[in-house]
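Residue numbers for the sequence shown follow the working numbering, beginning at 2 and rising by one.
Using N, Cα and C, we set each Cβ at its ideal position, and we do this for glycine too.
Data first, discussion second: the structure below is written as structure tokens.
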Amino acid sequence: MHQLINFWPIARVISVLLLIIGMMMWTGIPFSAYYGESVLPLLYAGLTTITAAGILWLTTQRRPSDDTLPRPADVNIRKREGYLIVALSWTAMVSFGMLPYLYSGMLPDVVDALFETVSGMTTTGASVLTDIEIQPRGLLYWRSLTQWIGGMGIIVLTVAIFPLLGIGGIELFAAEAPGPTSDKLHPRISETAKRLWFIYVGLTVAEGIVLFVAGMSPFEAINHALTTMATGGFSTRNASAAAFPPLIQYILIVFMFLAGVNYTVLYLSLKRRWSEVWQSDELKAYIGLVVVVSLFFTGRIWYITGVPLEQSFRDSMFQVVSLVTTTGYVSADYTSWTPSLTMICFVLLFLGACAGSTAGGIKIIRNLVFFKNSFLEFKRIIHPQAIIPLRLNGQIVPGRIITHIFNFLLLYLILFVIGSVVLSMLGLDFQTSVGAMATSLGNVGPGIGGVGPVDNFAWLSDPVKLFLSFVMIVGRLEIFTVLVLFTPYFWRLN
Numbered sequence: 002m003h004q005l006i007n008f009w010p011i012a013r014v015i016s017v018l019l020l021i022i023g024m025m026m027w028t029g030i031p032f033s034a035y036y037g038e039s040v041l042p043l044l045y046a047g048l049t050t051i052t053a054a055g056i057l058w059l060t061t062q063r064r065p066s067d068d069t070l071p072r073p074a075d076v077n078i079r080k081r082e083g084y085l086i087v088a089l090s091w092t093a094m095v096s097f098g099m100l101p102y103l104y105s106g107m108l109p110d111v112v113d114a115l116f117e118t119v120s121g122m123t124t125t126g127a128s129v130l131t132d133i134e135i136q137p138r139g140l141l142y143w144r145s146l147t148q149w150i151g152g153m154g155i156i157v158l159t160v161a162i163f164p165l166l167g168i169g170g171i172e173l174f175a176a177e178a179p180g181p182t183s184d185k186l187h188p189r190i191s192e193t194a195k196r197l198w199f200i201y202v203g204l205t206v207a208e209g210i211v212l213f214v215a216g217m218s219p220f221e222a223i224n225h226a227l228t229t230m231a232t233g234g235f236s237t238r239n240a241s242a243a244a245f246p247p248l249i250q251y252i253l254i255v256f257m258f259l260a261g262v263n264y265t266v267l268y269l270s271l272k273r274r275w276s277e278v279w280q281s282d283e284l285k286a287y288i289g290l291v292v293v294v295s296l297f298f299t300g301r302i303w304y305i306t307g308v309p310l311e312q313s314f315r316d317s318m319f320q321v322v323s324l325v326t327t328t329g330y331v332s333a334d335y336t337s338w339t340p341s342l343t344m345i346c347f348v349l350l351f352l353g354a355c356a357g358s359t360a361g362g363i364k365i366i367r368n369l370v371f372f373k374n375s376f377l378e379f380k381r382i383i384h385p386q387a388i389i390p391l392r393l394n395g396q397i398v399p400g401r402i403i404t405h406i407f408n409f410l411l412l413y414l415i416l417f418v419i420g421s422v423v424l425s426m427l428g429l430d431f432q433t434s435v436g437a438m439a440t441s442l443g444n445v446g447p448g449i450g451g452v453g454p455v456d457n458f459a460w461l462s463d464p465v466k467l468f469l470s471f472v473m474i475v476g477r478l479e480i481f482t483v484l485v486l487f488t489p490y491f492w493r494l495n
């Protein structure tokens, strides 16, 4: 049976997304006005975006005499439409999201504005700004807000309002939600999206209040709450988290860690269903990884550098949590510690936190499945006739899930190698090539080499920035969501 791609719901959803983006731009106007800055860039950018949304919406209106457009009640997004919506929506979001930078002259170069916007929307946190503290406050707020928008995925928010459009959103949620699992908190997908966003918003507000009480200014507390819960890492300071006192850094550690937890687990915790919470093998691995690596780092830094024990522990814990959760805040230059610790930090760029969180990277659950299955393979070699299934959270993992995860890991590694080669061909040295590729594909922010924790991406050439922008989107959307569009199978009619 021939199935043409239905572009009606695609256009409808993108129009709603642009409307939301435009209205969110205007939330930065009060900051611009309060600090005596021009409100026109955000005003015009929001107006442009909302106008584009209106035009796109009007083109999808069903006229009484037009029988070519489906009725809203008959529309359901299939896999093809779901993946197209996600890819095209992110393209639209970054295209219009960079308008405030261009209209204000903060980043007059289109490539730089695009890179900064993609880095924000994908929660990567790589920046081309060489002096953040002199930038207009209203635009810094928008810069932080782009990460908050991309953190849970603006697509998921739109899924929550799909009933208003008469569109079913299960396929879209599957394409956008981060991680290989899609545990649902409620039978209806729109209710699931709403619960995820309530948790997301609640934690953001809570962190902002705690940071303010701890001594941050209201503006900085808002910005860091937005970028922490998004695991984005954009800061209002040039020195990032290193500019703040120890108490602030400990608060950021706690909320970065929470942002890396599967939101299903956070929901169960709020419901005090502790027995279900501790059934999560991924959560146990996540906690164990952070604790063990942080303690190892603490001992090494304290013994080799002579830094006081408390600072050694704080810097170690902060950087480990920041890298594992792909937040990308910096409290210390980890490349200046020891070569062995720098190498471990490089490895952490690949891990990611829990699936179903706002973190990027491979995700711990995929690594857990890989190592568990690899260990069981030795047992299968000794007992070739035995049926030895892989269990996770007390349940047998289906073979198709294992195959999917192994394919993802292999494809991730291939993309990393190919991307590193491309970057080296574009003029980067070896260390910077692998560092930039690893941090962009994993949506982390700081890497190694010329894009380390005390450097930024401003010095890179335009071709490199454009390539890394594409890589960041591929990494944020879990590789398959984007690359499937480049396969002939996606466009076949049957």
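* Compute the Euclidean distance between the alpha carbons of E208 and P489, then round it to the nearest angstrom. => 46 Å
* To do: Tell me, please, which residues DSSP counts as bridged to R392.
  => I397
* To do: For F384, count neighbouring C-beta atoms within 10 Å of its own C-beta (all shown protein chains included) and say buried if the count is 16 or more, exposed if not.
  => First, the amino acid is wrong: residue 384 is His here, not Phe. Result: exposed.
* With C-beta atoms as the reference, is F235 less than 8 Å away from R144? -> yes
* To do: Tell me whether the beta-carbon of V87 lies closer than 8 Å to the beta-carbon of M122.
  => no
* Asked: Is the distance from the Cβ of P454 to the Cβ of D334 below 8 Å?
  -> yes
* Asked: Roughly how many angstroms lie between the CA atoms of L18 and F376, to the nearest whole one?
  -> Rounded to the nearest whole angstrom, the CA to CA distance from L18 to F376 is 45 Å.
* Asked: With respect to the alpha helix (DSSP H) encompassing Y104, which residues constitute its N-terminal and C-terminal limits?
  -> L100 to S105
* Which term fits T252, buried or exposed, when burial requires 16 or more other beta carbons within 10 angstroms of its beta carbon? -> It is worth fixing the name first, because residue 252 is Ile in this sequence and not Thr. With 16 or more neighbouring CB atoms inside 10 Å of its own CB, I252 falls in the buried class.
* **Residue range of the alpha helix (DSSP H) that includes E117** => V111 to M122
* Asked: Three-state secondary structure (DSSP) at R477?
  -> helix
* Mapping DSSP to helix, strand and coil, what is Y142? -> helix
* Three-state class that DSSP yields for A360 in the structure shown -> coil
* So V262 packs on S358, CB below 8 Å; how close in whole Å? -> Their Cβ separation, rounded to whole angstroms, is 6 Å, which keeps V262 and S358 in contact under 8 Å.
* Secondary structure at E378, three-state DSSP: helix, strand or coil? -> helix
* Close Cβ partners of N374 (< 7 Å) along its chain, the five nearest in sequence each way excluded -> L391 and I403
* Asked: Is DSSP giving L412 helix, strand or coil here?
  -> helix
* Asked: Can you round the beta-carbon distance between M438 and V398 to whole angstroms, since I take them to be within the 8 Å contact cut?
  -> With 8 Å as the limit, M438 and V398 do not qualify as a contact, their Cβ atoms being about 30 Å apart.
* To do: Decide yes or no for the touch test of the region 337-348 against the region 271-278: beta carbon pairs closer than 8 Å, at least 3 of them.
  => no
* Asked: Which residues in the same chain have their Cβ closer than 7 Å to the Cβ of V485, if we skip the five residues on either side of it in sequence?
  -> Within the same chain, V485 has close Cβ partners Y84 and F491.
* To do: May I ask you to report which of helix, strand or coil DSSP gives L248?
  => For L248, the three-state secondary structure derived from DSSP is helix.
* To do: Indicate whether the contact test is met: 3 or more Cβ pairs, each with one atom in the region 442-460 and one in the region 415-433, closer than 8 Å.
  => yes
* Asked: What is the DSSP secondary structure of N239, counted as helix, strand or coil?
  -> Residue state, collapsed to three classes: coil.
* **Q386 burial status per 10 Å Cβ neighbour count (16 or more: buried)** => Its Cβ having fewer than 16 others within 10 Å, Q386 is exposed.
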